[in-house]
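To keep things clear, I will list the structure first and then write my remarks on it.
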Amino acid sequence: MNQKYAQLTGWGYYVPEKVLTNADLEKMVDTSDEWILQRTGIKERRLRTEHDTNTSMSVAAAQKALDVAGLTPKDLDFIICCTTTPDYLLPAAGSLVQGALGAECGAMQLSTACSGWVYGAVMADSLIRSGMYDTILVVGAEIISHGIDYTDRTTCVLFGDAAAATIFQASDKPSGIMASELGSDGAKAKSLWVPGGGTTKPISQQVVDERSHYIMMDGQEVFKFAARVVGESLQRVVKKAGLTMDDIDLFIPHQANARIIESAARMMGLPLEKFFINIHKYGNTSAASVPLALVEAIEEGRIQDGDTIAVAAFGGGLSWGSAVIQMGVKEKTAMYQMAAASAD
Ligand code: ACO
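Numbers 2 to 345, taken from the working numbering, label the letters of the sequence shown in order.
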């Protein structure tokens, strides 16, 4: 039997129309455009409008990914929705997206904060390689603004809402995830968490008064963790794939802070140009961050057919995940057509 791979054949994203600029934030909290830009690299971020739900954003991104892959929802064998901000505590985001798409398959929600999509992609890859499924939709979507205290300047300037979707399909051509690493350091769980509103401290007037239903973060602790783990994990995963840094055409890091990306690039001895950065437009969109950057990199022509890329994410948990992905396309995909058109 031929070895099965899980080829990335579809991609798409959705961002809400509403833009929250640094100038807007200056009117809300004691901050400045200069501070935000220098310390984070963020200029603006998107916030959900009254029309946007986690499900509607996921479905909009998924429809685009299906179109690029030349598939319909009925072709899907499984759906993985990566999010920490689902529409409801029950049912899970996967079921809502499956229902809204009209797909006829199993669906689940995966919650690993900003590392979510990398975890989801690795799960999809394993399910396809095992022979269980052939076609899987992996979505990263967040209405992270829901969990942000817009009176807390240490967190509210960082985050934005978005959704991005990817399709993985069985292929006998070496492609898709060629090596991966998933990690967790639960000892640091409380350096990035939402203390209230769960089962330990259910929602109550006290929780609301304490504002403990919002994201609380030890920014410097997370920064130190991230600056170390992104570079180290990428180095390990590239080696695991049997490659060197020179073999990687583009690195797609989690977009949490431009200084974290710069620090990882320095640690790896690589020029910043090898890293895709779109944080200035969207801020940190949590589980949507890596796939959103991936889709934009493809659409901007920064990733070509046959390229080898490496992705890395980190977030609440504290968790992290990295992977080396071999881009390879089927004739029907947009990437193939773009490559064919430019070769004419
Ligand atoms: N505007 C102006 N001043 C601010 C702001 C702001 N928005 N936020 C903090 N400050 C102040 C602080 O109060 C502090 O003032 P002080 O010196 O008078 O006490 C000063 O700026 C410096 O604060 P630091 O925390 O040292 O600033 P730092 O350079 O570390 O930047 C930041 C803070 C941006 C939060 C950074 O630590 C960071 O990016 N950390 C990582 C965050 C991250 O990646 N989170 C991932 C989330 S992933 C997920 O799963 C959701």
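Cβ coordinates follow ideal geometry from the N, Cα and C atoms, glycine included.
These figures come from a predicted structure and were not determined experimentally.
Start-to-end residues for the beta strand (DSSP E) that takes in residue i
i	result
Ala180	177-185
Glu286	Residue identity differs from the one stated: residue 286 is Thr in this sequence, not Glu. That residue, Thr286, is in no beta strand (DSSP E); it is neither H nor E in DSSP.
Tyr15	6-15
Val140	136-143
Ser320	320-327
Glu45	45-48
Lys19	19-22
Val312	309-316
Gln110	107-111
Leu251	251-254
beta-carbon residue i near the ligand ACO non-hydrogen atom, thresh 7 Å
i	result
Met218	yes
Ala257	yes
Gly317	yes
Ser192	no
Leu48	no
Gln8	no
Ala114	yes
Ile287	Note on residue identity: the sequence assigns Ser, not Ile, to residue 287. Within the cutoff, so yes.
Thr155	yes
Val223	yes
Ile149	no
Thr32	yes
Ile262	no
Trp36	yes
Ala227	yes
Val158	yes
CA nearest to the CA of residue i, picked from the options
i	options	result
Met328	Lys65, Met179, Leu183, Ala94	Met179
Arg212	Asp173, Pro175, Val195, Phe224	Val195
Leu102	Pro87, Glu143, Val60	Val60
Gly346	Met124, Asp210, Lys189, Gln170	The structure shown does not extend to residue 346, since the chain is modelled only from 2 to 345, so the question has no answer here.
Val325	Arg237, Leu21, Ala63	Arg237
Asp78	Asn55, Leu91, Leu128, Asp34	Leu128
His147	Ala311, Leu295, Arg47	Arg47
Arg130	Pro175, Ser96, Val230, Ala298	Pro175
Ile144	Gln207, Val312, Tyr215	Tyr215
Val30	Gly307, Gln207, Arg260, Thr155	Thr155
Arg40	Pro292, Arg260, Phe315	Arg260
Ala70	Gln170, Ile310, Pro292, Lys240	Gln170
Ser234	Glu182, Ile81, Gln256	Glu182
Tyr134	Trp321, Ile80, Pro17	Ile80
His281	Leu251, Ser33, Lys44	Lys44
Tyr283	Gly121, Ala165, Leu67	Ala165
Gly318	Lys191, Val231, Val239	Lys191
Status (buried if at least 16 other CB within 10 Å, exposed otherwise) for residue i
i	result
Tyr15	buried
Val158	buried
Pro74	buried
Thr334	Residue placement at Thr334 is flagged as unreliable, the pLDDT there being 49, under the threshold of 50; the coordinate-derived value follows with that caveat. Counting Cβ neighbours within 10 Å, Thr334 comes out buried, since at least 16 surround it.
Thr84	buried
Gly13	buried
Ile253	buried
Ile204	exposed
His52	exposed
Pro272	exposed
Tyr6	buried
Lys65	buried
Gln8	buried
Leu26	buried
Endpoints, alpha helix (DSSP H) assigned at residue i
i	result
Leu97	94-102
Arg368	Nothing can be reported for residue 368: it is not among the residues displayed for the chain, which extend from 2 to 345.
Phe79	Careful: Phe79 lies outside any alpha helix (DSSP H), inside the beta strand (DSSP E) at 79-83.
Phe224	220-241
Gln122	The sequence given here places Ala at residue 122; Gln does not occur at that position. 117-130 is the extent of the alpha helix (DSSP H) around Ala122.
Ser264	259-269
C-beta neighbour in chain D for residue i, strict 8 Å
i	result
Val230	This model lacks chain D altogether; it includes just one protein chain.
message: Pairs of beta-carbons, one from the segment 298-307 and one from the segment 233-245, closer than 8 Å: are there three or more?
response: no
Validate contact between the segment 159-174 and the segment 106-116 using beta carbons, cut 8 Å, 3 pairs: no
- request: Could you say if the segment 287-300 and the segment 110-118 meet the contact criterion of at least three C-beta pairs nearer than 8 Å?
  value: yes
- request: Could you tell me whether the segment 20-31 touches the segment 255-266, using the rule of 3 or more Cβ pairs below 8 Å?
  value: no
Sufficient close CB pairs (3 or more, under 8 Å) joining the segment 120-127 to the segment 86-99: no
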